[in-house]
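Peer 1: Read the sequence shown against the working numbering and you will find it ends at 176, with the numbers running on by one and no gaps. Sharing a structure here in structure tokens format.
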Amino acid sequence: NTPAYFAEKMKELQALGADVFEIRQAKDLERHFDGLVLPGGESTVQGKLLRELGLFVPLQEKIRAGLPVMATCAGLILLAEHIADDPTVHFGTLPVTVKRNAYDVEEIGKQLPFTFIRAPYIEKAEDTVKVLSSVDGNIVAVRYENQLGISFHPEVTEDNRVHAYFLQMCGQKLS
Ligand code: GLN
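Below is the structure:
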């Protein structure tokens, strides 16, 4: 995983007044939290670690039970019910099909500027999923009940509106 993603996300959320802590092991789940951020990184590695560390089942249960979750990039892949051309399913709570590494460019490089970082896009979303944003006809942000899935990395930009939106989701659950 890339710690910078965590650090940037934590800073953005803290700037908006949220208390933030990292979940790195099963005992961190004993602390109370109103929302969960699944950051970018490599979904294959994240999925493996979540399982090995005993975080997978408890977090999946919490998401199913309505815990607000904001998932960027690899996190979006973790939530997706289907991954295109790949039988792997992680949490499988978000009824979309994602296409991994959708913005890699042959011969030019694997990282385009902008805030897509080897990003997935959503190839297909069920009717119950609200599409929040598309780029070039591909879905890059969705909301489904308590779940916010985005392909890009708002934490690497100055604009913190995505994080503010997520904190509102966390508050909604409380009220
Ligand atoms: N390429 C990564 C994956 O497929 C996602 C990239 C990211 O999180 N920036 O898991």
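The beta carbon of each residue, even a glycine, is placed where N, CA and C say it ideally should be. Since the structure is predicted, the reported quantities are computational estimates derived from the model, not experimental observations.
Please state whether DSSP places A8 in a helix, a strand or coil.
Peer 2: As a working mapping, residue 8 is identified with position 7 in the sequence shown. Correct three-state label for A8: helix.
Peer 1: Please list the terminal residues of the continuous beta strand (DSSP E) segment that includes T73.
Peer 2: Here residue 73 is taken as the residue at index 72 of the sequence shown, counted from 1. Segment V70 to T73, the beta strand (DSSP E) holding T73.
Peer 1: Can you determine whether any heavy atom of the ligand GLN sits closer than 7 Å to the C-beta of T158, and answer yes or no?
Peer 2: The residue you call residue 158 lines up with position 157 of the sequence shown. For the ligand GLN, not one heavy atom lies less than 7 Å from the Cβ of T158.
Peer 1: Go to I64, then tell me how far its beta strand (DSSP E) extends in each direction, as first and last residue.
Peer 2: The sequence position of residue 64 within the sequence shown is 63, counting from 1. Here I64 belongs to no beta strand (DSSP E); instead the alpha helix (DSSP H) covers F57 to R65.
Peer 1: Ordered along the chain, which non-local residues of its own chain (more than five positions away) have a Cβ less than 8 Å from that of L95?
Peer 2: Reading the sequence shown from its first residue, position 94 is the one you call residue 95. The residues are A72, L77, L80, A81, E82, V130, V143, Y145, Q148 and G150.
Peer 1: If you draw a straight line from the C-alpha of A8 to the C-alpha of F117, how long is it?
Peer 2: Working through the sequence shown from its first residue, we reach residue 8 at position 7. Working through the sequence shown from its first residue, we reach residue 117 at position 116. When rounded, the distance between both Cα atoms is 18 Å.
Peer 1: Using CA coordinates, which residue listed in G48, N102, T158 and L37 is at the minimum distance from P69?
Peer 2: Taking the first residue of the sequence shown as position 1, residue 69 is located at position 68. Checked all of G48, N102, T158 and L37; the closest Cα to P69 is L37.
Peer 1: Here's the rule I'm using: 16 or more other beta-carbon atoms within 10 Å means buried, otherwise exposed. How should S44 be labelled?
Peer 2: By 1-based counting over the sequence shown, the position of residue 44 is 43. Buried, because 16 or more other Cβ atoms sit within 10 Å of the Cβ of S44.
Peer 1: Does any heavy atom of the ligand GLN sit closer than 7 Å to the C-beta of P88?
Peer 2: Position 87 of the sequence shown, counted from the first residue, corresponds to residue 88. Not under cutoff, so the answer is no.
Peer 1: What did DSSP end up calling D29 once you bin it into helix, strand or coil?
Peer 2: Position 28 of the sequence shown, counted from the start, is the residue given in the question as residue 29. DSSP places D29 in helix when its eight states are reduced to three.
Peer 1: For H164, which of helix, strand or coil comes out of DSSP?
Peer 2: On the sequence shown, position 163 is the one that residue 164 refers to. H164: helix per DSSP, three-state reduction.
Peer 1: Give a single yes or no on whether N139 has its beta carbon closer than 7 Å to a heavy atom of the ligand GLN.
Peer 2: What you label residue 139 is simply residue 138 of the sequence shown in a count that begins at 1. The nearest non-hydrogen atom of the ligand GLN is 7 Å or more from the C-beta of N139.
Peer 1: DSSP state of P96, grouped into three classes?
Peer 2: For the purposes of this step, residue 96 is taken as the residue at position 95 of the sequence shown. The answer is strand: DSSP assigns P96 an E or B state.
Peer 1: Decide if V58 is buried, meaning its Cβ has at least 16 other Cβ atoms within 10 Å, or exposed.
Peer 2: Indexing the sequence shown from 1 puts residue 58 at position 57. Looking at its Cβ environment, which holds fewer than 16 other Cβ atoms inside 10 Å, V58 is exposed.
Peer 1: Comparing the CB of N161 with every heavy atom of the ligand GLN, is any distance shorter than 7 Å?
Peer 2: On the sequence shown, residue 161 is found 160 positions in, with the first residue counted as 1. False, no ligand heavy atom lies under 7 Å from that Cβ.
Peer 1: Could you give the residue range of the beta strand (DSSP E) that holds S180?
Peer 2: Here the chain comprises residues numbered 2 to 176, so residue 180 is not present and cannot be evaluated.
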